[in-house]
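To start, the structure under review is shown below, and the notes come after it.
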Amino acid sequence: MNILTFDIEEWFHLLDNPSTKSEQDWGRYESRIHHNMDRIFQLLDETNSRATFFCLGWVARKYPEVIRRIDEAGYEVATHSDLHQLAYEQSPTEYRADLERSIKSLQDVTGKKVRSYRAPGFSIKEQNRWVFPLLLELGVEIDCSMFPARRAHGGDSTFGIAEPCYIDVNGSLLKEFPINTVGMLGKDLIFSGGGYFRLFPLPVLQYFMQQSPYVMTYFHPRDFDPGQPMVPGLSRMRQFKSYYGLGGCWGKLKQLLLNYEFVDLVEAEKQINWSGSQIQRFKVTV
Numbered sequence: 001m002n003i004l005t006f007d008i009e010e011w012f013h014l015l016d017n018p019s020t021k022s023e024q025d026w027g028r029y030e031s032r033i034h035h036n037m038d039r040i041f042q043l044l045d046e047t048n049s050r051a052t053f054f055c056l057g058w059v060a061r062k063y064p065e066v067i068r069r070i071d072e073a074g075y076e077v078a079t080h081s082d083l084h085q086l087a088y089e090q091s092p093t094e095y096r097a098d099l100e101r102s103i104k105s106l107q108d109v110t111g112k113k114v115r116s117y118r119a120p121g122f123s124i125k126e127q128n129r130w131v132f133p134l135l136l137e138l139g140v141e142i143d144c145s146m147f148p149a150r151r152a153h154g155g156d157s158t159f160g161i162a163e164p165c166y167i168d169v170n171g172s173l174l175k176e177f178p179i180n181t182v183g184m185l186g187k188d189l190i191f192s193g194g195g196y197f198r199l200f201p202l203p204v205l206q207y208f209m210q211q212s213p214y215v216m217t218y219f220h221p222r223d224f225d226p227g228q229p230m231v232p233g234l235s236r237m238r239q240f241k242s243y244y245g246l247g248g249c250w251g252k253l254k255q256l257l258l259n260y261e262f263v264d265l266v267e268a269e270k271q272i273n274w275s276g277s278q279i280q281r282f283k284v285t286v
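Everything in the sequence shown is counted per full-length UniProt numbering, starting at 1 for the first residue and increasing by one.
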């Protein structure tokens, strides 16, 4: 099962960087979201692909036409938070208000229930698993936030499950589609989205795909935009992680979409026997 998803945000929505942290900072940068979304829609049309879009509530309010275009094309609109802040840096009150505003903003545009969520930067860690009951409380049925490996920001290597599963939250069940890993040289590698995808050449990505019965992708509009400016204040390592491989990302993803079958999150949920004994449960007591 290969799942295609996009996180819809602006090119300057980089985490852990002082010059792009707040909504006030974002006003200093040009918008490139329409140009970059055009490329994504072109890619989906050319490959006849379906995808789920995790969108910021901020985008829904500032550029409702972007969310409307996603919805009218028949793609699922999910939430990626409201203001793209790291969840583990928020208090439960701040987190709840942000997510609630995001869901409302998206539903105001589409008129449809938001069922699925992905945290910015996969920022649900062992220390902030209190987010799970809040997700259920706000009507989220599917989470795609778990990153079962170490990561510069976010990630939870103690999660230990890299395939669809249940998160058992005080007896209530949340469906989880985590990021997948592939084993190599005794390590669990990530390859299916963002800077990881841009780093690996196509033959390596194809090899990893062939070794993976489950793949959860995640791409951003900026991943297909080699002409974007350099965000100020980034270290050389962050510059490399954020800008390496932008020119080749579109072509690599197009080739994979042509060579392998991908589905959106809606179809992926239908294909899984959630009552089957093979579905793992990760218990969380909050």
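Glycine residues also receive a C-beta, built at the ideal position from the N, C-alpha and C atoms.
query                                                                                                           : result
Own chain partners of Glu126 with C-beta closer than 6 Å, once the 5 adjacent residues on each side are dropped : Asp156 and Thr158
Arg236 vs Trp11 beta-carbon contact at 7 Å                                                                      : no
Tyr214 versus His84, Phe262 and Ser19, residue with shortest Cα-Cα distance                                     : Phe262
Under the three-state DSSP convention, the category Ile70 falls into                                            : helix
Sub-7 Å separation of Ala60 and Leu106 beta-carbons                                                             : yes
Cβ-based burial, Gln85 [other Cβ within 10 Å; buried from 16]                                                   : buried
Bridge partners - Gly193, DSSP secondary structure assignment                                                   : Tyr218
Identified DSSP bridge partners for Gly183                                                                      : Asp188
Segment limits, alpha helix (DSSP H) that includes Tyr243                                                       : Arg236 to Tyr243
N-terminal and C-terminal residue of the alpha helix (DSSP H) that Ala60 is part of                             : Gly57 to Lys62
Coarse secondary structure for Leu253, derived from DSSP in three states                                        : helix
Closest Cα partner of Asp187 within the set Pro201, Gly160, Gln228 and Ser19                                    : The amino acid occupying residue 187 in the given sequence is Lys; Asp does not appear at that position. With distances taken between Cα atoms, Lys187 lies closest to Gly160.
Which of helix, strand or coil DSSP assigns to Tyr207                                                           : helix
Secondary structure of Asn259, DSSP reduced to three states                                                     : helix
Proximal residues to Thr47 (C-beta, below 8 Å), its chain only, five neighbours per side dropped                : Lys254, Leu257 and Leu258
Candidates Asp143, Lys62 and Ala87: closest to Asp108 by CA position                                            : Lys62
Span of the beta strand (DSSP E) around Lys283                                                                  : Arg281 to Val284
Among Val66, Gly251 and Phe177, nearest to Pro203 - alpha-carbon criterion                                      : Gly251
Distance between Leu185 and Ser242 (C-alpha atoms, nearest Å)                                                   : 26 Å
Minimum C-alpha distance to Ser212 - residue among Ser102, Ala162 and Phe224                                    : Ala162
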